[in-house]
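Written out below as structure tokens is the structure these notes cover.
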């Protein structure tokens, strides 16, 4: 069962990525079905400064780390995470 | 080079061993050369309650764990140690 | 609800109180403290930032994972965020268990997983006024806008 | 001279102060606490006795051994003696090092060596008034004169 139509995805950027892009948040629209990788590509298309991000960043959907081929749905929050340096 | 003559050894007993023997300290005389094992045997000969001790207890000479074949000298302090349960 | 993050100084005593109990005889604590880096000019402080909602969620999952591996262990963890001066702790973990092996293993597991899973980032603030994002591989990344 | 034994409550904060420094970013603490034993009647306290002169000498040698294995680590340890109520700590070890692996390893090494080398003995004091010497193999030894 695959959702179709258009999804609006909230994208959040953190730490160095937020500095590179000059913002911490964006909203992008993608045609469903879509993956996190599609969201990253769409962000890079729509926000020129986002081209400074790596093509395959670490990502989370709804507070959980996922691979770039994970599906997104309308209303999801996608976060692009610089290499984690906690502790 | 081996010392000869007679050595007086202070023997100390701890924890359960002190309870078994009913004392925490004894002095025994051994003919040199002598080992810690000789001191234990002499203690068991001279102090009847010491026969309740194991024949091969854990031992220390001058604050350092040693095997029973370690040499003793006049004035040494030999300690017989129940199984260690620190921490 | 209790939070896994704080902007205040970390208290080991408070974490110990959360995990200790008479049936748990071994407790292992780990503290990560801000180092005065050996490479380049001295770091005076590190600014920790995070994806806070995910930090909370991920710590919950991480402790649940640890609880499955060491069911008798009780674990508490707190990550400090904001500017932390050199020498003060950024993370504190306490793991108490009936036996010491479990306490050490659970505590070590949590810090290793934190480094892998908890979305926190560090920016080194240096004596000379420069700032550097810390790359977890250990190589500071030049800040492009600085 | 500083002693490795005390009859007072152990203070983790004090041990941390002895080992922490800005160049040591990882600190591991181990606390051994008196357990409310699961077998037989409840233990209310443990009485710790020791060959104190040897405890001091052996801790000195043990920390020197640890210092050779982990030259960048700084380690502090305190063993409490006397009657210790259930739930309170009998031993506290703090190991700080530039990296966490060394801190964990040095701390674990010290507690394992303590169990092997430091001449301390425990007598369990139970609710019902009986006393039992603790055999380190885990099997309590009946006290012959009780």
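Protein chains in written order, with the working numbering: chain A, -16 to 70; chain B, -16 to 70; chain C, 3 to 148; chain D, 3 to 148. Quick reminder that beta carbons are idealized off the backbone N, C-alpha and C, glycines included. Please read all numbers here as calculations on a predicted model, not as lab measurements.
Once DSSP output is grouped into helix, strand and coil, what is the label at residue i?
i	result
residue 70 (chain A)	coil
residue 40 (chain C)	Bear in mind that a pLDDT of 49 at residue 40 (chain C), under 50, signals an unreliable position, so the number given afterwards is only what the model happens to contain. In the structure shown, residue 40 (chain C) sits in coil (DSSP, three-state: anything other than H, G, I, E or B).
residue 26 (chain C)	coil
residue 133 (chain C)	strand
residue 33 (chain D)	strand
residue 33 (chain A)	helix
residue 68 (chain D)	helix
residue 62 (chain D)	helix
residue 54 (chain A)	strand
residue 38 (chain A)	coil
residue 63 (chain A)	strand
residue -5 (chain B)	strand
residue 138 (chain C)	coil
Using beta carbons (cut-off 8 Å, strictly below), is residue i in contact with chain D?
i	result
residue 58 (chain B)	no
residue -1 (chain B)	yes
residue 53 (chain B)	no
Note the first and the last residue of the continuous beta strand (DSSP E) segment covering residue i.
i	result
residue 50 (chain A)	From DSSP, residue 50 (chain A) is part of no beta strand (DSSP E); its letter is neither H nor E.
residue 50 (chain C)	45 to 52
residue 8 (chain A)	8 to 15
residue 78 (chain C)	76 to 82
residue 128 (chain C)	122 to 128
Where does the unbroken alpha helix (DSSP H) through residue i begin, and where does it stop?
i	result
residue 18 (chain C)	14 to 21
residue 113 (chain C)	102 to 119
residue 96 (chain C)	From DSSP, residue 96 (chain C) is part of no alpha helix (DSSP H) but of the beta strand (DSSP E) over 91 to 99.
residue 3 (chain B)	-2 to 4
Closer than 7 Å by beta-carbon distance: list the chain C residues that pair up with residue i, in chain order.
i	result
residue 33 (chain D)	29
residue 31 (chain A)	Within 7 Å Cβ-Cβ: nothing; residue 31 (chain A) doesn't reach chain C, min ~15 Å.
Given that residue i touches chain C, what residues does it touch there, using C-beta distances under 8 Å?
i	result
residue 61 (chain D)	What residue 61 (chain D) touches in chain C: nothing, since even the nearest Cβ is about 18 Å away.
residue 62 (chain A)	53, 56, 121
Is the Cβ of residue i closer than 8 Å to any Cβ of chain C?
i	result
residue 42 (chain A)	no
residue 69 (chain A)	yes
Give the residues of chain B in contact with residue i, contact being defined as C-beta atoms less than 9 Å apart.
i	result
residue 126 (chain D)	Ordered by position in chain B, no residue passes the 9 Å Cβ test against residue 126 (chain D), which lies about 10 Å from the chain.
Using a Cβ-Cβ distance under 8 Å, would residue i count as near chain B?
i	result
residue 135 (chain D)	yes
So with Cβ pairs under 8 Å, would you call residue i a contact of chain A?
i	result
residue 25 (chain C)	no
For residue i, which residues in chain D fall below 8 Å Cβ to Cβ?
i	result
residue 37 (chain C)	24, 25, 26, 27, 100
Using 8 Å as the limit for Cβ to Cβ distance, is residue i near chain G?
i	result
residue 22 (chain C)	Among the protein chains in the structure shown, which are A, B, C and D, there is no chain G.
Where the segment 99 to 121 of chain D meets chain B: residues whose CB sits under 8 Å from a CB there: Listed in chain order, the positions of the segment 99 to 121 of chain D with a beta carbon within less than 8 Å of a beta carbon of chain B are 113, 116, 117, 118, 119, 120, 121.
Please name the residues in the segment 71 to 92 of chain C whose beta-carbon is closer than 7 Å to at least one beta-carbon of chain D, in chain order. Hits within the stretch, in order: 88, 89.
Between the segment 47 to 58 of chain C and chain A, which residues of the former have a C-beta closer than 9 Å to a C-beta of the latter? Within the segment 47 to 58 of chain C, the residues whose Cβ lies closer than 9 Å to some Cβ of chain A are 50, 51, 52, 53, 55, 56, 57, 58, listed in chain order.
Which residues, in order along the segment 9 to 23 of chain D, keep a beta-carbon less than 8 Å from a beta-carbon of chain C? Against chain C - using a Cβ distance shorter than 8 Å - the residues of the segment 9 to 23 of chain D are 14, 15, 18, 22, 23.
Residues within the segment 2 to 36 of chain A neighbouring chain C, beta-carbon criterion of under 9 Å: Correct list: 2, 3, 5, 35.
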